[in-house]
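Written below as structure tokens is the structure these notes are about.
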Amino acid sequence: MSTEMERAFYASDPAWDGRFVAAVRTTAIFCRPSCRVRKPLPKNVEYMTDAAAARAAGYRPCLRCHPEASTPVTLRDIQTPVGPMTIGATDSAVVLADFTERRLMAAQLASVRRRIGPTSYGDSPLLDRVEEQLREFFAGERHHFDLPLHMPGSGFQERVWSELTRIPYGETISYRELASRVGAPAASRAVGRANGSNRLAVIVQCHRVVASGGGLGGYGGGLPAKRALLDLEARRGSSLDGSSAPLERRLAVRPVVWQSAQRPNHHPENRREG
């Protein structure tokens, strides 16, 4: 069995998550099998049945893979002023907030299942908090989100996503500037791809990154949504395009009543989850 666990750990195999943890003697840290940290020498790793056993042996949990987090992910579909979104959370962290109808939504859900765990629709106190804070954000009442987040990715993706959270409300930077901030000044396109893989739209603010020439660049939720988000944040000063026309007239974004639903028929994943 230990040979199988070693193989799973060094392959970062998510299928073994929840079946054991890998404890690293040299760092006193324990990880999920799927954790993508740099792997230690095999002689420095011991395998334990669960997080409680690792804790009892004096190890502390990895801050990257969160081995104590409950892996099942609860989903909810909500309607926002910029379109329908799907939000998801484990018992301890928010792992998904993305535009339901975006072209890559199925890939985002697949990434959640691969990196975190199976998904299903249901009730969640943490999703209630997410929905409430998004409502406050769109009402102009909230400038910062106060939520536990878990968004595992490649090392480069995680650097980009972390830097996104440092862009102040109401400000924008270019893809080139973001690339420079993460130590890869020639990687503007890679930064754009990392933005496109952001599973926490609006909460982790990839909409604040724009093209160097003054254009909006891309956005998974569509450019009208990106314009609307930037305009919302700019209202405390001047609007993005300097226009005083109402937001709905300039962007053709229909105002909607805030709604949430367990599972509407239009959802692209409207089938058994997990």
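Note that the sequence shown covers residues 282 to 555 in the working numbering.
Yeah, the Cβ is synthetic: ideal placement off N, Cα and C, and Gly gets one too.
Quantities reported herein were computed from a predicted structural model and do not represent experimental measurements.
Is the CB-CB distance between VAL411 and ALA509 below 7 Å? For the purposes of this step, residue 411 is identified with residue 130 of the sequence shown, where counting begins at 1. For the purposes of this step, residue 509 is identified with residue 228 of the sequence shown, where counting begins at 1. Cβ distance not < 7 Å, so VAL411 and ALA509 don't count as in contact.
Short of 6 Å in beta carbon distance, which residues of its chain neighbour GLY498, apart from the five on each side in sequence? Order them along the chain. Within the sequence shown, residue 498 is the residue found at index 217, counting from 1. Here the set comprises VAL491, ALA492.
Which complete alpha helix (DSSP H) runs does the stretch 308-344 hold, if anything under 4 residues is left out? 332-337
Taking its Cβ as the centre, do 16 or more other Cβ atoms sit within 10 Å of LEU521, making it buried, or is it exposed? Stepping through the sequence shown from its first residue, residue 521 is reached at position 240. With a pLDDT of only 32 at LEU521, under 50, the local geometry of the prediction cannot be trusted, and the value read off the model is given with reservation. LEU521 should be labelled buried.
Which residue wins for smallest C-alpha separation from LEU356, given the options VAL463, MET366, HIS347? Counting from 1 along the sequence shown, the entry for residue 356 is found at position 75. The residue with the shortest Cα to Cα distance from LEU356 is MET366.
Excluding the 5 residues preceding and the 5 following ALA468 in the sequence, name in chain order all residues of the same chain whose CB lies nearer than 6 Å to its CB. The residue labelled residue 468 in the question sits at position 187 within the sequence shown. Counting only Cβ-Cβ distances below 6 Å, and skipping sequence neighbours, we find ALA460.
Taking the alpha-carbon of ALA292 as reference, which of THR307, ILE310, ARG317 has the nearest alpha-carbon? Start at 1 with the first residue of the sequence shown, and residue 292 comes out as number 11. Cα-wise, what sits closest to ALA292 is ARG317.
Can you list, in chain order, the residues of its chain with a C-beta nearer than 7 Å to that of GLN438? Leave out the 5 residues immediately preceding and following it. Position 157 of the sequence shown, counting from 1, holds the residue named residue 438. For GLN438, where only same-chain residues beyond five positions count, the Cβ hits under 7 Å are ALA475, SER478.
What's the gap between the Cα of GLU422 and the Cα of THR308? Reading the sequence shown from its first residue, position 141 is the one you call residue 422. Reading the sequence shown from its first residue, position 27 is the one you call residue 308. The straight-line gap from Cα to Cα measures roughly 43 Å.
Measuring straight from C-alpha to C-alpha, what distance separates LEU353 and ILE484? The residue you call residue 353 lines up with position 72 of the sequence shown. The residue you call residue 484 lines up with position 203 of the sequence shown. First, the amino acid is wrong: residue 353 is Pro here, not Leu. Taking the straight line from one Cα to the other gives about 21 Å.
Determine the direct distance from the alpha carbon of ASP372 to that of ALA332, and round the result to whole angstroms. Working through the sequence shown from its first residue, we reach residue 332 at position 51. Working through the sequence shown from its first residue, we reach residue 372 at position 91. Between ALA332 and ASP372, the C-alpha separation is close to 16 Å.
Cβ distance (whole Å) where SER392 is taken to contact ARG480 below 8 Å: Here the question's residue 392 lines up with position 111 in the sequence shown. Here the question's residue 480 lines up with position 199 in the sequence shown. So it is a contact: roughly 7 Å between Cβ atoms.
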